[in-house]
Amino acid sequence: MQPRRLRGRRYNRRTEPERRPASVASVGEPNYEPFGPAVMRFEQMVLDQRPIEPAHYDEGYFASGWRADDNRYDLETRRRIEGPHPQLIKDIFAPQRVLDVGCGPGFLIALLDELGVEADGVDFSLSAKELAPPSVRERLAIALSTEVPAADRSYELVVCRELLEHLTIVQIRKTIAELCRVSSRFVYVTTRFHPRPADLLDVTTQLDIDPTHITLLAKDLVRCLFVLEGFRRRSDLEGRLDWAGRQRVLVYERT
38 MQPRRLRGRR YNRRTEPERR PASVASVGEP NYEPFGPAVM RFEQMVLDQR PIEPAHYDEG
98 YFASGWRADD NRYDLETRRR IEGPHPQLIK DIFAPQRVLD VGCGPGFLIA LLDELGVEAD
158 GVDFSLSAKE LAPPSVRERL AIALSTEVPA ADRSYELVVC RELLEHLTIV QIRKTIAELC
218 RVSSRFVYVT TRFHPRPADL LDVTTQLDID PTHITLLAKD LVRCLFVLEG FRRRSDLEGR
278 LDWAGRQRVL VYERT
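Going by my numbering, the sequence shown opens with residue 38, and the numbers climb by one from there.
See the structure below:
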């Protein structure tokens, strides 16, 4: 007895449908890579970036007058520029211990110390420690922001201001992970964001302002990195801290 032939459509050169390229999807079909060009540009940017060496951040970088508006790194100039900021940190977070990552010469630490707030700092520049006020100099550790020398959840508040734009994209990802690791509750960040990103992965620079501003990310991408570390946005605190209205403030809390 011959086996029964299964009925079905037979494909041959005449009847087999034309195959389309994998990247082209017709109406109703899934398109799993709609952001392919943006991802490829982002990948190339990541591969092309090189970190700024610590030696660049010497005494001339911090102390000379090359910045606009006489923005010098000495205590009295920083006191003027900081304005109500140190007091806001104390009032809003009421922290027992603060860690300032990318602290430079430690002037925020000195201003917090005047308010009775205990703070430590981390910076990878040897000149930063040398230029720090004597009262807080020994509280500064020379280390990378991607390898913070502090125990897990050892500070109620971790501050990182105007640092991320100096880092590569890979360094930013690692730094945010470290900020979250050592914080027991809050992370407070200010940085310069891409002013007009075309998409989530759009990256630009700001070399005309500072030749070390090598990475300005989309604000929403930076937010995503904090969410992936188990932190949630505190928009209420962001509004209170952004007293200058620059829209460069992020505040995240451990969930």
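Beta carbons: idealized from backbone N, C-alpha and C, even for Gly.
Query, Result
"To the nearest angstrom, how far is it from the Cα of Tyr69 to the Cα of Met77?", "15 Å"
"Alpha carbon to alpha carbon, what distance is there between Pro121 and Asp189?", "30 Å"
"Which one or two residues does DSSP pair with Ile118 in a beta bridge?", "Answer by DSSP bridge pairing: none, since Ile118 is not bridged."
"Would you kindly check if the distance between the Cβ of Glu155 and the Cβ of Leu149 is under 9 Å?", "yes"
"Cα separation between Glu193 and Ser221?", "5 Å"
"Specify the secondary structure class of Gly97 as computed by DSSP and reduced to three states.", "helix"
"Between the Cα of His203 and the Cα atoms of Arg229, Ser101, Ile129, which residue gives the shortest distance?", "Arg229"
"For a quick check, are the C-beta atoms of Arg277 and Ile129 less than 9 Å apart?", "yes"
"Helix, strand or coil for Leu163 per DSSP?", "helix"
"Can you look up Ser182 in the DSSP assignment and give me helix, strand or coil?", "coil"
"Return the chain-ordered list of same chain residues with a C-beta closer than 8 Å to the C-beta of Ile251, the five sequence neighbours on each side being excluded.", "Gln86, Ile89, Glu202, His203, Leu204, Thr205, Thr242, Leu244"
"Could you tell me how far apart the beta carbons of Gly158 and Cys140 are, in whole angstroms, since I believe they sit closer than 8 Å?", "3 Å"
"Are Val185 and Leu163 close, meaning C-beta to C-beta below 9 Å?", "no"
"Count the other CB atoms within 10 Å of the CB of Ile246; is the residue buried (16 or more) or exposed (fewer)?", "exposed"
"Using the C-alpha atoms, what's the distance from Leu237 back to Gln284?", "17 Å"
"Would you identify the three-state DSSP class for Glu193, choosing helix, strand or coil?", "strand"
"According to the neighbour-count rule (16 or more other Cβ atoms, all chains shown, within 10 Å of its Cβ), is Asp137 buried or exposed?", "buried"
"How is the beta strand (DSSP E) around Leu136 delimited, first residue to last?", "134 to 138"
"Would you identify the three-state DSSP class for Glu199, choosing helix, strand or coil?", "coil"
"When burial is assigned at 16 or more other CB atoms within 10 Å of the CB, is Ala235 buried or exposed?", "exposed"
"Does the beta-carbon distance from Gly143 to Arg176 come in below 9 Å?", "yes"
"Taking just the CA atoms, how far does Asp279 sit from Val64?", "45 Å"
"Give the straight-line distance between the Cα atoms of Leu168 and Pro74, rounded to the nearest whole angstrom.", "45 Å"
"Check for me: the beta strand (DSSP E) holding Glu290 runs from which residue to which?", "286 to 291"
"Which residues in the same chain have their Cβ closer than 7 Å to the Cβ of Glu266, if we skip the five residues on either side of it in sequence?", "Ile213, Ala214, Cys217"
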